[in-house]
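Scroll down for the structure; my scribbles are underneath it.
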Amino acid sequence: FESSRDTQTFYHQGDNRCTAHIHRSVEFLYVLEGEKRVWLNGKRYDLQSGDFILCPPYCVHRYEPAENGLQIVATIPTEHCEKFDELCKNALPQTHVLRDTEGELLRLIKALNNPPNVLFFSGVANLILGIFMAKVPFLPAQNGKERALVEQIAKYIDEAYDKPLTLSTLAARFGYSPNYFSWLFKQHFKTSFPQYLNGIRVRKSLPLLRTKKVYAVCYECGFNSPQQYYLHFKKFYGCSPKEFLKNENKG
Numbered sequence: 000f001e002s003s004r005d006t007q008t009f010y011h012q013g014d015n016r017c018t019a020h021i022h023r024s025v026e027f028l029y030v031l032e033g034e035k036r037v038w039l040n041g042k043r044y045d046l047q048s049g050d051f052i053l054c055p056p057y058c059v060h061r062y063e064p065a066e067n068g069l070q071i072v073a074t075i076p077t078e079h080c081e082k083f084d085e086l087c088k089n090a091l092p093q094t095h096v097l098r099d100t101e102g103e104l105l106r107l108i109k110a111l112n113n114p115p116n117v118l119f120f121s122g123v124a125n126l127i128l129g130i131f132m133a134k135v136p137f138l139p140a141q142n143g144k145e146r147a148l149v150e151q152i153a154k155y156i157d158e159a160y161d162k163p164l165t166l167s168t169l170a171a172r173f174g175y176s177p178n179y180f181s182w183l184f185k186q187h188f189k190t191s192f193p194q195y196l197n198g199i200r201v202r203k204s205l206p207l208l209r210t211k212k213v214y215a216v217c218y219e220c221g222f223n224s225p226q227q228y229y230l231h232f233k234k235f236y237g238c239s240p241k242e243f244l245k246n247e248n249k250g
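In our numbering, the protein residues as written are 0 to 250.
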């Protein structure tokens, strides 16, 4: 669960990649060049240049790396699209992908970058959503209670990631069996609970690395040792924390 995305707008052009996560904000991804594989609520989408995909609130999504790929990703906090957020509590789009044959969506999504004011940003975001809704039917959402439970679990992990969490203690807290929770993670996050938790811990460590020693950061984020932290950091980012900071400073 990425709580920061619920309060901050985000816009990035490049090869956007991320592990499975959710947030309340709406997210757009537009493929500019190459191909892009996206997972949304466990379903795989193989996108081509000119494809636009919409991720509604609290939908689990993951972007795989794309060689020579280029995309735009924009995140819209729900304060800018409250009516759409309300709609998604009871309905979801029949498909999440639109083919932008005339370039209309591309022009609009580019306008979200460095907008002149908040009203302009909100207006463009809602126009994109309005165009999408005019072309894609929305259907009643299934498994509403299950989706609400996943949302509660993700929020709790986001707040308690630095605690000694286990699948058993988490399941007991919410009144379910460990077997059910194990299935729930694989079903909704397409990963195991330890993998999801360690991904959250690594992401939470990034801002701390800029001001603290790695040794202190690893324990502050819930890891048992620096070795364990290094192992998972490299698994998610392909480099050591020190190398990550060096590359960040270069950028």
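The beta-carbon is built from N, C-alpha and C at its ideal position, and this holds for glycine as well. Quick caveat, the model's predicted, so the values are computed rather than measured.
query: Which residue's Cα is closest to the Cα of Lys-82: Gly-49, Met-132 and Gly-13?; result: Met-132
query: Answer with buried or exposed for Val-30, where buried requires no fewer than 16 other C-beta atoms within 10 angstroms of its C-beta.; result: buried
query: For a test of the three-state rule: what should DSSP assign to Asp-157, helix, strand or coil?; result: helix
query: Would you kindly report the start and end of the unbroken beta strand (DSSP E) that includes His-60?; result: 60–62
query: DSSP state of Phe-83, grouped into three classes?; result: helix
query: Under a Cβ-count criterion, where at least 16 other Cβ atoms within 10 Å of its own Cβ denotes burial, should Leu-196 be classed as buried or exposed?; result: buried
query: DSSP puts Leu-39 in a beta bridge; with which residues?; result: Lys-42 and His-60
query: Let's test the definition: count the other Cβ atoms within 10 Å of the Cβ of Asn-265 and tell me whether it reaches 16, buried, or not, exposed.; result: What the structure shows of the chain is the stretch from 0 to 250, and residue 265 is not part of that stretch, so it cannot be assessed.
query: Which ranges does the alpha helix (DSSP H) cover as unbroken runs of at least 4 residues, wholly within the region 88–115, from first to last along the chain?; result: 103–110
query: With Ser-224 and Phe-232 assumed to form a contact (beta carbons below 8 Å), what rounded beta-carbon distance in angstroms separates them?; result: The Cβ separation is near 12 Å, so there is no contact.
query: Using the C-alpha atoms, what's the distance from Ser-48 back to Phe-180?; result: 37 Å
query: Taking only three categories from DSSP, how would you classify Pro-252?; result: Residue 252 is absent from the structure shown; the chain starts at 0 and stops at 250.
query: I need the DSSP call for His-231, collapsed to helix, strand or coil.; result: helix
query: Please say whether His-95 and Ala-124 have beta carbons closer to each other than 8 Å?; result: no
query: Does Glu-26 pass the burial test, meaning 16 or more other C-beta atoms within 10 Å, or should it be called exposed?; result: buried
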